[in-house]
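Remarks on the structure that follows.
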């Protein structure tokens, strides 16, 4: 692939998204009749692609597996006990809905763990949000129940290019309309206002490193380079998250044309208090959560309506039919903020 | 003897001090002001950087005391160079005199400065740590050359001489880390269901917005039985030591709402114990 001639694309039909992870799970399913099985946890960040993998497994094994997805926080044991009369291989999607971060919020998770501990004839293939997984691993040692943990991988620029372009039949034109920066020194200076004691301030020169300065200069005619630059940029902004990259791509594309200047790269400036950060953490950990479920966690400590309003206004979350989720374009900004204040581990 | 007398005469002739004039005084004032302003500016910038550094906050602030020592030591050197024109022998002689002066009049100040240097290099505590020293508990706000300033939970600023690092035990609750263990006690009636109470306190701790849990920072729930009550104790880490009291308060408040909902009561005075009448 490194020496691929300009303009030559990977054969679209050859590309299978998350092939390695799907093969691992399929091998486990194929080995199940021989009595060799372990429960599997598939974990990934929001939008990373767990749904794609679970969907693929479901399609490949229609008569072999029972599929149980969760869309809301599980509040009754019926959802768990319903697995008793199912096929021996159970796909449980979005298991992060089994726990709610409040006092008494682990009852359903405990019931589920009790069930899989007692069941030695069924194999459970479960998917989890990675932040909920990390939290439950610290709090409930959940990893001890799932000997096989498969992480949804981050994608590199080439894999992303293949994955995205496999959705399109026709060719897409990539246009580099970004002004080349030209030759720049490695260190430049800018003037910053320095606050001084007693209410004074002064403008002082401040060094600024120009790492890789001038290297992104491209000409508009070099389409293959523009394509590579576009996917490099999308991959960097999405930090390899497939769903986020797809969202950025869709927002940037003006079919059949993609201009580099249309790829958004918003600054990451998060200014939140502890309650806002906590609610943001819950939304991140649940991927998509209803107002009612959020209110159960927040009440009475947090004024949920005001907090959701402020999070929405800052563009960090978005609402869709009463469900809240992190805005994909700000996902990595949100994660880095919550990691910095040690709210996600 | 003759040679010796001659050298003494020469030494007196080579008086090491420059003539004091307005220019020299202004130069000394200028050096002091520049050093002071530089320390303030760099400390301010480092604190701003530390605030944005999240879990590396305390690592960033530990540079501040070292910086102060370097700047003030440089300022002292420039002042001496401005006042004196010393030869080597004169510098030795002056050092002797200076040492004697320190020994008689400034030994406490000098001991504090040495204490400050030891704190800066050995780091028994750092800026941002929660420490207990000389019976005072609080957050270290500044480590100066002469004293360490800590702010107590009731917002009193206390200056502790740096020399105390040599002769007082200093307890640091977090030892340079951002997280810190917090102990939360709940007392319930002796006849209440302790198992349920422990489960409630455990849930209150692990679902707190302030908690930090990792393999090296686990939480523990303990039960102790006393004659008229039971004590449920939680030991857990707060993600930022600045939220120590908020963490304790939030967990206690949420736990008690649930405890009372489950019919678990606080301790009551036994029938044969009466409160002493107020005088």
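Protein chains in written order, with the working numbering: chain A, 69 to 413; chain B, 333 to 611. The beta-carbon is built from N, C-alpha and C at its ideal position, and this holds for glycine as well.
- If you compare the alpha carbons of A:391, A:85, A:104 and A:329 with that of residue 358 (chain A), the shortest gap goes to A:391.
- For residue 238 (chain A), no CB of chain B lies under 9 Å from its own CB, so it is not counted at the interface with that chain.
- With fewer than 16 other beta carbons inside 10 angstroms of its own, residue 499 (chain B) counts as exposed.
- With three or more CB-CB distances shorter than 8 Å, the segment 352-367 of chain A counts as touching the segment 197-205 of chain A.
- Residue-level contact by beta carbon holds for residue 342 (chain A) and chain B, with a gap shorter than 9 Å.
- By the Cβ criterion, the segment 170-182 of chain A is not in contact with the segment 121-136 of chain A, since fewer than three pairs of Cβ atoms, one from each stretch, lie closer than 8 Å.
- Annotation: residue 491 (chain B) to residue 481 (chain B) spans about 4 Å, alpha carbon to alpha carbon.
- Under a criterion of Cβ atoms nearer than 9 Å, the residues of chain B adjacent to residue 410 (chain A) are, in order, 386, 387, 510, 511, 544, 571 and 572.
- Spatial neighbours of residue 229 (chain A) in its own chain (CB-CB distance under 6 Å, excluding positions within 5 residues in sequence) are listed in chain order as 299.
- Here residue 382 (chain B) is buried, its C-beta having at least 16 other C-beta atoms within 10 Å.
- Comparing alpha-carbon positions, the option among B:542, B:585, B:551 and B:593 lying closest to residue 341 (chain A) turns out to be B:542.
- Going by C-alpha positions, residue 170 (chain A) is about 8 Å away from residue 364 (chain A).
- Bridge pairing for residue 562 (chain B): B:520 and B:557 [DSSP].
- Residue environment for residue 336 (chain A): exposed (fewer than 16 other C-beta atoms within 10 angstroms of its C-beta).
- Residue-level contact check: residue 353 (chain A) does not touch chain B, since none of the beta carbons of chain B fall below 9 Å from its beta carbon.
- Counting every other CB atom within 10 Å of its CB across the protein chains shown gives residue 354 (chain B) a total below 16, marking it as exposed.
- Nearest CB-CB separation between residue 452 (chain B) and chain A: not below the 9 Å threshold.
- The segment 100-118 of chain A and the segment 186-195 of chain A touch, with no fewer than 3 CB-CB distances between them shorter than 8 Å.
- Beta-bridge analysis with DSSP links residue 109 (chain A) to A:194 and A:217.
- Of all residues in the segment 179-202 of chain A, none places a beta-carbon less than 8 Å from a beta-carbon of chain B.
- Here residue 411 (chain A) carries a coil assignment [DSSP, helix/strand/coil].
- Around residue 468 (chain B), the same chain offers 482, 484, 490 and 492 as residues with beta carbons nearer than 8 Å, after the five sequence neighbours per side are excluded.
- In the structure shown, the three-state DSSP call for residue 351 (chain A) is helix.
- A Cβ of chain B is located within less than 9 Å of the beta carbon of residue 170 (chain A).
- Taken through DSSP and simplified to helix, strand or coil, residue 138 (chain A) comes out as coil.
- The beta carbon of residue 547 (chain B) sits closer than 9 Å to some beta carbon of chain A.
- In this structure, DSSP gives residue 548 (chain B) a state outside helix and strand, which the three-state scheme calls coil.
- About 5 Å separates the Cβ atoms of residue 457 (chain B) and residue 504 (chain B), confirming a contact at the 8 Å cut-off.
- Counting only the Cα atoms, residue 380 (chain B) lies some 33 Å from residue 207 (chain A).
- Per DSSP, residue 176 (chain A) is not a residue of any beta strand (DSSP E); the alpha helix (DSSP H) it occupies stretches across 175-186.
- Taking a 10 Å sphere around the C-beta of residue 131 (chain A), we find fewer than 16 other C-beta atoms and assign the residue as exposed.
- By the beta-carbon neighbour count (other beta carbons within 10 angstroms, threshold 16), residue 186 (chain A) is exposed.
- Here residue 365 (chain B) is not near residue 400 (chain B), since their CB atoms are 9 Å or more apart.
- Here the alpha carbons of residue 578 (chain B) and residue 570 (chain B) stand approximately 9 Å from one another.
- According to DSSP, residue 160 (chain A) shares a beta bridge with A:136 and A:194.
- From the listed residues B:414, B:442 and B:447, the smallest Cα separation to residue 397 (chain B) is found for B:447.
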